[in-house]
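One structure is given here, and the rest of the page talks about it.
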Amino acid sequence: MLRFLLDETPNLDYKIALKKPIPIKCIQIDEPFEVESMEGTMKGKAGDWLMIGVNGEKYVCDAAIFQKTYRIIDDN
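Each residue of the sequence shown is one higher than the one before, counting from 1 in full-length UniProt numbering.
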C-alpha cells in the first residue's frame, strides 16, 4: 500500500490541473455558526463563509482561505 506523508512530496510524474470555475452560493457570516455537512457538524468562526456546493451540500470556508481562493462574481 502506498503511503504519503504530510511533510514530504513524493517524486512522481505529476500532471497539472486547473480547478473548474464553477459558481457556487456563499455568504459571509458575522458570528460563530454551525452547519450540518456531509462530514458531520462543522463550526465556523465569525467572518467565515457558509458555502453551498454544486450538489446542495453545505460547508464552512475559513475567511483567510476564501480570500485566497475565491472571487465574488455577483453582488446580489
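Here a beta-carbon is modelled for each residue, glycine too, at the ideal position from N, C-alpha and C.
query	result
Buried or exposed: which applies to residue 81, given that a residue is buried once 16 or more other Cβ atoms fall within 10 Å of its Cβ?	Residue 81 lies beyond the stretch modelled for the chain, which goes from 1 to 76, so this question has no answer here.
Could you please give the first and the last residue of the uninterrupted beta strand (DSSP E) stretch that includes residue 9?	First-last for residue 9: undefined, no H or E at that position.
Considering Cα atoms alone, identify which of 48, 69, 3, 68 is closest to residue 59.	48
For residue 56, does the count of other Cβ atoms within 10 angstroms reach 16, so buried, or fall short, so exposed?	exposed
Per DSSP, which one or two residues make a beta bridge with residue 28?	49
Report the rounded CA-to-CA distance for residue 35 versus residue 61, giving the unit in angstroms.	11 Å
Measure the C-alpha to C-alpha separation of residue 9 and residue 21 and round it to an integer number of angstroms.	26 Å
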